[in-house]
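4 protein chains.
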Amino acid sequence: MTGNGVLGVAVVGAGYWGPNLIRNFLASAEWNLVAVCDLDTERAAQVVGGRADVTVTAVLDEVLARDDVQAVAIATPARTHRHIAVAALRAGKHVLVEKPLADSVAAGRELVELAETEGLVLMTDHTYCYTPVVQRIAELVRDGSLGDIFFVDSVRINLGLVQPDIDVFWDLAPHDLSVLDYILPGGLRPEGVAAQGADPIGAGRSCVGYLTLPLTSGAMAHVHVNWLSPTKIRQMVIGGSTRTLVWDDLNPQQRLSVYDRGVDLVQQSVDRIDRRTASISYRLGDTWAPALTEVEPLGLMVAELASAIREGRPPRTDGAAGLRVLSVLEAAATSLRARGALVDVVPTDRPELELVR
Amino acid sequence: MTGNGVLGVAVVGAGYWGPNLIRNFLASAEWNLVAVCDLDTERAAQVVGGRADVTVTAVLDEVLARDDVQAVAIATPARTHRHIAVAALRAGKHVLVEKPLADSVAAGRELVELAETEGLVLMTDHTYCYTPVVQRIAELVRDGSLGDIFFVDSVRINLGLVQPDIDVFWDLAPHDLSVLDYILPGGLRPEGVAAQGADPIGAGRSCVGYLTLPLTSGAMAHVHVNWLSPTKIRQMVIGGSTRTLVWDDLNPQQRLSVYDRGVDLVQQSVDRIDRRTASISYRLGDTWAPALTEVEPLGLMVAELASAIREGRPPRTDGAAGLRVLSVLEAAATSLRARGALVDVVPTDRPELELVR
Amino acid sequence: MTGNGVLGVAVVGAGYWGPNLIRNFLASAEWNLVAVCDLDTERAAQVVGGRADVTVTAVLDEVLARDDVQAVAIATPARTHRHIAVAALRAGKHVLVEKPLADSVAAGRELVELAETEGLVLMTDHTYCYTPVVQRIAELVRDGSLGDIFFVDSVRINLGLVQPDIDVFWDLAPHDLSVLDYILPGGLRPEGVAAQGADPIGAGRSCVGYLTLPLTSGAMAHVHVNWLSPTKIRQMVIGGSTRTLVWDDLNPQQRLSVYDRGVDLVQQSVDRIDRRTASISYRLGDTWAPALTEVEPLGLMVAELASAIREGRPPRTDGAAGLRVLSVLEAAATSLRARGALVDVVPTDRPELELVR
Amino acid sequence: MTGNGVLGVAVVGAGYWGPNLIRNFLASAEWNLVAVCDLDTERAAQVVGGRADVTVTAVLDEVLARDDVQAVAIATPARTHRHIAVAALRAGKHVLVEKPLADSVAAGRELVELAETEGLVLMTDHTYCYTPVVQRIAELVRDGSLGDIFFVDSVRINLGLVQPDIDVFWDLAPHDLSVLDYILPGGLRPEGVAAQGADPIGAGRSCVGYLTLPLTSGAMAHVHVNWLSPTKIRQMVIGGSTRTLVWDDLNPQQRLSVYDRGVDLVQQSVDRIDRRTASISYRLGDTWAPALTEVEPLGLMVAELASAIREGRPPRTDGAAGLRVLSVLEAAATSLRARGALVDVVPTDRPELELVR
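Residue numbers (our numbering), protein chains in the order written: chain A, 1 to 357; chain B, 1 to 357; chain C, 1 to 357; chain D, 1 to 357.
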């Protein structure tokens, strides 16, 4: 199925995000954009431009019936992901799904299991993970430059569009959670989730939200998402035992800073009175800002999709990653209903699924 | 109560904070520094310099027995506040206590009630409340410039000294909480407290902490305190229905910004499908950075203490304010033991106490 | 010629800048893009897309011969501007020219005079002048918010592409000079120009440059342009007698700040010894950051071109403006050859030309 | 005279700067503060505090007559430096002079020559050169980290006190020039000086100033000093062939950044048409912010003075350094009178003087 030839892809959904996928599939030498499917065919035709070799249709089955389509990329509202993805997987197509993977853990799990059963690639479009800065952060975590992760603090606030059907957690936190899943060793598997939300404007859903995610070994991740802030902040601090990094996404001149500073617990002192203080040591070292290339993240993502299909392996942001993010979002919703109590995250892995990774 | 003459004051404790109080009492025309009391009389003598008119002593009772001492300022470790303040109040002295007011709500309450009974002024040294920037913020809240408070997000992170006996909440959060108490109409009276803490370095106490404080009408305050961050942030965002302000304490060139931007819920639309979106409106207005005077906050504080004594009224940061901060800290400790569950805050007011305010 | 109907335009040059003009003429309801002319017709056809109603040609005369072309927009290299613009004006077409207007003052003057003689509109594409921030700055200067202009300091530095045929002055300074011309009352008419340039890498032309422009009444403008700086700065400070503004183009969150601070010379003191100091007073007032709309500058520019044609008046960035910028650039080149001596600027106005303004 | 014992010093002038010198001589184990001399002996006594072992006097000759005074530190107005320093040198004392060394090149040269003749140390108090950041910059230049210096751009602007007797060049530029002298290999020896000044408020002297200093090999230094800017900037960019550094003195969190980015002229291409472009290459590397210690610069300076005396060598900021700064300031004044023409700098070195270095 997956030789070295160019792969055919169909994009379903030509609304907000679809055009970005279309542009990147068109620009890739590994992909051949075969069809675009949208109920609004006029919109789809406009996005495709005058290209005669791209079919525009409103009928999903037409797309799925084609032999020259190896993969389907879904960029429709989250509540429709399950239906479309199931149909595509049953038709033997590899599937890329815009985040979030689905609108519930149950739906997401069904997709992951179906892809597993069918031996097909299921990928979640966690775009941020393919940005040069996140790629670099992942390298720094993986190669031990940070040491053990002590804490992660992520802030994503802005005067945002209050969404009609989802709260600020479902709107913004998938970005932070997908990055956490990408960079934390073993993926995002918190020991629980606590969520606090506020709706001071009476919008009917949280407009200000805080997520607390205890991690193993006493570490903690925390996410602040906010639609009501007139100042824009997109910043993530990742504190490690060896170094700490700050990703300030709104500072293009120094997006990533690595601080060779920190606090160490050197040894247990025997001094009875002040034993803790004695055992702490501070490092005050240099700061280092790695140069980052300018690469289109979606270009990297469609390349990874092609490689995963060809090599018969899960892509880096696979369905399981999407499912882990979903499970945190769903636990957060439960915590909100429990006035912010720490709730367990539904385990997303089955042993069989793990084997694939 | 005490005429218009110069007031006599004794400072107890000449360690870390005492010298600042001593300097400001000396510089004030309303105060006469009469005595400094510290077990380490050598240290005290050094701080006093060669001034012959200031008694240095290690014996508290000597100080309290003097007729020329109207007020006692206590700058000793928190666990000793109760004992010293009770003695001073019983001796008929007005009392100023370094924050936190005491090391427990019970101790704090005893001080507040004793001062009430004795008809004496009890003041908490919430220094930040007397900075020009917080004074200006309080004015903006009071005069309605912000409208209703929607959310407050406070971040105070830095590579800080891990304390031997208190966690990061007790070390840093009193600053944020005292400011909240000062600027929120009616003081800091959250509907509950949830606290999440992390100790990734094994220090034996929280080094990273988050406080969530639901306020009335769906509003929320949130505090992030952190000893382990190599970057220093001291920022408070106060979102209101009319305007939002950002206090960035590390930006001396623009410490306070007022944004005439926000999100309004204009009206309830009747559109069944998408009724919430229809009712949101965005404002994108000017930003304004008020000029701030350069004033020593402690100078303003000792002047307020003198005025309160002369006018027989509670000072702006009175014992009750200190007690409200204490009660949040104690509730946070309870929440920590309950894995971050939202816990009630012990009510700090009795009807009689309220009459004083 | 200048009724209310849609105006026809042809764009000459489809290289770097032409596509931006094409896009904006296409998006404007006041313009009808009739033709695109480029020697590389393949490139031109690609930019035009599949639009059947836009002629693509390599022959300028074809374009100029058409009755449905009222205006010609020129986006070719500067050395070709004169030839193309002269042909267009002689053919009775209004002309828009990409900056700089021409490659010499003589050529620019010829264009201005020819347009005047023919009674046609000649406009220079000083794009920056149509940005929301510069529009706002011009308003603030015009309505007296700044008072008299005391000094202007403009910095435009970056790791830039060393150009093969022009130095850093001709490459970058037209931006600063066109803005100065737009906002200074009466346009940019300095009392002289001094230019210092450095070529430390041996590129054969200045890579670092400083322009000093004494203005009337003791004021001064200064421009720093630099291709060799690894940090990017685009900042203009305009100091006035009443207020001072800072335009920081790389700070989208607060691009424009107006400071109500300054130094005044209040009165002449009679104190013989220290008479100057006595007469200086300082104001330390608020800062104000006006909200700026998000508007495409080129859209505003093509609208201004249409209005000028219809109303038979010079556009805001007319040929004379382009000529004033040119004359400063040419004087700067002269100053460079004179080791930075202050040289006069060739007067660009003739009385007849002035009448038009 | 220059054994290993503690050295005796007298400070002349207890006004603005003298107290800083006094504090640092008192804190140093290498120095014994013997006397403070000021016409206002009350002021001097106040600065000295109650120290019985420090003589306070208004009579310079008393100080110079003492055997226990090896060095005299002069912190009086610049116009008095010559007289006091000459007297001190003639009395056989080593001399430290606050910047600027004197109020004219002639006076400065007399001091340098006299010190040389007498075999005494003459040091200029160029305080900035002893800050950790400038020490680090000097190391980076010396060890070749920057490669050849291409350009230096220094900006020092603020709402400053308009001085009654000196212009903005003499008030602020000595800081920038002394740093340039310290870090440039061989000291500050520009090929000329051009100065442009503006006095838009009618203060009677330049309030806005620009200095251009062509250096050898096509490099250039430029200094912008300004009393009228409501925003405060203190920034120096030093561009080198290998790396470029930015010193932002108002950013305590990252005062020094070293950019491994730049433009290189790789080789002369033979392409006739576009030969220059072909030969330029760009590097886009990491940024690095060295950790800086917190050290009191004046402590380092008085230690250097002691070492120089003991070792019989010129100190790092010797009289010749002060004279080079003076000669640039005087040339700038000449340039100002010549409408900004590039003027030569009076050579400050005689062969004999050079031998000392």
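Positions of the beta carbon are idealized from the N, C-alpha and C atoms, including for glycine.
Proximity winner among B:Asp53, B:Ile149, B:Gly119 and B:Ser281, relative to B:Glu311 (alpha-carbon distances): As a first step, residue 311 of chain B is located in the second sequence; it is residue number 311 there, counting from the start. Comparing Cα-Cα distances from B:Glu311 to each of B:Asp53, B:Ile149, B:Gly119 and B:Ser281, the minimum goes to B:Gly119.
Buried or exposed (CB count within 10 angstroms, at least 16 for buried), B:Tyr282: By 1-based counting over the second sequence, the position of residue 282 of chain B is 282. By the 16-neighbour rule on beta-carbons within 10 angstroms, B:Tyr282 is exposed.
Helix, strand or coil at C:His94 according to DSSP, with G and I counted as helix: For the purposes of this step, residue 94 of chain C is taken as the residue at position 94 of the third sequence. Strand, per DSSP.
Nearest-angstrom Cβ-Cβ length linking D:Gly239 and D:Phe151, presumed shorter than 8 Å: In the fourth sequence, residue 239 of chain D corresponds to position 239, counting from 1. In the fourth sequence, residue 151 of chain D corresponds to position 151, counting from 1. Rounded, the Cβ-Cβ distance is 5 Å, consistent with contact.
Cβ distance (whole Å) where B:Ala221 is taken to contact B:Leu180 below 8 Å: Along the second sequence, one-based indexing puts residue 221 of chain B at 221. Along the second sequence, one-based indexing puts residue 180 of chain B at 180. So it is a contact: roughly 6 Å between Cβ atoms.
Continuous alpha helix (DSSP H) stretch holding C:Gln135: start and end: As a first step, residue 135 of chain C must be located in the third sequence, where it is residue number 135. Here the alpha helix (DSSP H) through C:Gln135 covers Pro132 to Arg142.
Endpoints, the beta strand (DSSP E) within which B:Tyr210 is located: If you number the second sequence from 1, residue 210 of chain B lands on position 210. That run of the beta strand (DSSP E) goes Val208 to Pro214.
Own chain partners of B:Asp260 with C-beta closer than 6 Å, once the 5 adjacent residues on each side are dropped: Working through the second sequence from its first residue, we reach residue 260 of chain B at position 260. Taken in chain order, the residues that qualify are Arg243, Gly285 and Asp286.
Paired residues, beta bridge with D:Gln196 - DSSP: Within the fourth sequence, numbered from 1, the residue matching residue 196 of chain D stands at position 196. DSSP output for D:Gln196 lists D:Tyr210 as bridge partner(s).
Residue of B:Val34, B:Val263 and B:Val97 minimising C-alpha distance to B:His83: Here residue 83 of chain B corresponds to residue number 83 of the second sequence, with the count starting at 1. The shortest C-alpha separation from B:His83 is found at B:Val97.
Nearest-angstrom Cα separation, counted from D:Gly160 out to D:Thr317: What you label residue 317 of chain D is simply residue 317 of the fourth sequence in a count that begins at 1. What you label residue 160 of chain D is simply residue 160 of the fourth sequence in a count that begins at 1. Roughly 26 Å separates the two Cα atoms.
Minimum Cβ-Cβ distance from C:Thr287 to chain A less than 8 Å: To locate residue 287 of chain C, count along the third sequence from 1; it is residue 287. Chain A, which has no Cβ nearer than 8 Å to the Cβ of C:Thr287, makes this no.
Neighbour flag for B:Gln46 against chain D, beta carbons, 8 Å: Your numbering for residue 46 of chain B matches position 46 in the second sequence. Not an interface residue.
4-residue-minimum alpha helix (DSSP H) runs that sit fully inside the stretch 50-119 of chain C, ordered along the chain: Counting only unbroken stretches of 4 or more residues, the alpha helix (DSSP H) elements lying wholly within the stretch 50-119 of chain C are 60-64, 81-90 and 105-118, in sequence order.
Whole-angstrom distance between C:Val258 and D:Thr231, CA atom to CA atom: In the fourth sequence, counting from the first residue as 1, residue 231 of chain D sits at position 231. In the third sequence, counting from the first residue as 1, residue 258 of chain C sits at position 258. Roughly 10 Å separates the two Cα atoms.
For B:Arg337, the three-state DSSP class (helix, strand or coil): Taking the second sequence and counting its residues from 1, one reaches residue 337 of chain B at position 337. For B:Arg337, the three-state secondary structure derived from DSSP is helix.
Separation of C:Pro132 from C:Leu298, as counted between CA atoms: Counting from 1 along the third sequence, the entry for residue 298 of chain C is found at position 298. Counting from 1 along the third sequence, the entry for residue 132 of chain C is found at position 132. Approximately 11 Å, taken between the alpha carbons.
Cutoff 7 Å; reference C:Thr55; Cβ partners in own chain excluding five residues on either side: Start at 1 with the first residue of the third sequence, and residue 55 of chain C comes out as number 55. The beta carbon of C:Thr55 lies closer than 7 Å to those of Val34 and Ala35 in the same chain, with the five residues before and after it left out.
Inter-residue Cα distance where the pair is C:Ala195 and D:Ala341: The sequence position of residue 195 of chain C within the third sequence is 195, counting from 1. The sequence position of residue 341 of chain D within the fourth sequence is 341, counting from 1. Cα to Cα, C:Ala195 sits roughly 10 Å from D:Ala341.
Backbone secondary structure at B:Tyr259 - three-state DSSP: Residue numbering aside, residue 259 of chain B sits at position 259 when the second sequence is read from its first letter. If DSSP states are grouped into helix, strand and coil, B:Tyr259 belongs with the strands.
Buried versus exposed call for D:Leu326 [16 or more other C-beta atoms within 10 Å across all chains shown]: Looking up residue 326 of chain D in the fourth sequence gives position 326. By the Cβ neighbour-count rule, D:Leu326 is buried, with 16 or more other Cβ atoms within 10 Å of its own.
Residues of its chain near C:Ala308, where Cβ-Cβ distance is below 6 Å and the 5 sequence neighbours each way are ignored: Locating residue 308 of chain C in the third sequence gives position 308, where the first residue counts as 1. So the list reads Val121 and Pro315, once near-sequence residues are dropped.
The stretch 245-261 of chain B: positions lying closer than 9 Å to chain D by Cβ: So the list reads Leu250, Pro252 and Gln253, given in the order they occur along the chain.
Reference C:Gly217, options C:Glu191, C:Ile233 and C:Tyr210, closest by Cα: Counting from one through the third sequence, the residue named residue 217 of chain C turns up at place 217. With the sequence shown as reference, residue 217 of chain C is identified as Ser, and Gly is not the correct amino acid for it. For the set C:Glu191, C:Ile233 and C:Tyr210, the Cα lying nearest the Cα of C:Ser217 is the one of C:Glu191.
Whole-Å CB distance - B:Val328 paired with B:Val193, under 8 Å assumed: By 1-based counting over the second sequence, the position of residue 328 of chain B is 328. By 1-based counting over the second sequence, the position of residue 193 of chain B is 193. Contact holds; Cβ gap of about 6 Å.
Length of the line joining the Cα atoms of A:Thr117 and A:Arg313: The residue given as residue 117 of chain A occupies position 117 in the first sequence. The residue given as residue 313 of chain A occupies position 313 in the first sequence. Their backbone Cα atoms lie some 14 Å apart in a straight line.
B:Thr293: contacting residues in chain D (beta-carbon distance under 7 Å): In the second sequence, the residue the question calls residue 293 of chain B occupies position 293. Neighbours of B:Thr293 on chain D: none; closest Cβ ~15 Å, over 7 Å.
CB contact flag (A:Val47, A:Gly18, <8 Å): Taking the first residue of the first sequence as 1, we reach residue 47 of chain A at position 47. Taking the first residue of the first sequence as 1, we reach residue 18 of chain A at position 18. Closer than 8 Å, so yes.
Buried versus exposed call for D:Gly322 [16 or more other C-beta atoms within 10 Å across all chains shown]: Here residue 322 of chain D is taken as the residue at index 322 of the fourth sequence, counted from 1. It is buried - the Cβ of D:Gly322 has at least 16 other Cβ atoms within 10 Å.
Rounded separation between D:Gln70 and D:Ser28 - CA only: Here residue 70 of chain D refers to the residue found at position 70 when the fourth sequence is read from its first residue. Here residue 28 of chain D refers to the residue found at position 28 when the fourth sequence is read from its first residue. About 15 Å.
Cα-Cα separation between D:Ala31 and C:Ser154, rounded to whole angstroms: As a working note, residue 31 of chain D is residue 31 in the fourth sequence. As a working note, residue 154 of chain C is residue 154 in the third sequence. For the sequence presented, residue 31 of chain D should be read as Trp rather than Ala. Straight-line Cα distance between these residues: approximately 48 Å.
Neighbour list for D:Pro174 in chain C, Cβ cutoff strictly below 8 Å: Walking along the fourth sequence from the start, residue 174 of chain D turns up at place 174. Those do not exist, as D:Pro174 stays about 20 Å from chain C at its closest Cβ, beyond 8 Å.
Any chain C beta carbon closer than 8 Å to A:Gly160: Residue mapping note: residue 160 of chain A aligns to position 160 of the first sequence, counting from 1. Closer than 8 Å: no.
Listed by chain order, chain D residues near B:Lys232 by CB distance under 7 Å: Counting from 1 along the second sequence, the entry for residue 232 of chain B is found at position 232. In chain order: Gln253.
As assigned by DSSP and simplified to three states, the class of B:Gly285: To locate residue 285 of chain B, count along the second sequence from 1; it is residue 285. Per DSSP, reduced to three states, the secondary structure at B:Gly285 is strand.
Short CB-CB distance (under 8 Å) between C:Gly50 and chain A: Here residue 50 of chain C is taken as the residue at index 50 of the third sequence, counted from 1. Taking Cβ atoms only, chain A reaches closer than 8 Å to C:Gly50, which makes this a yes.
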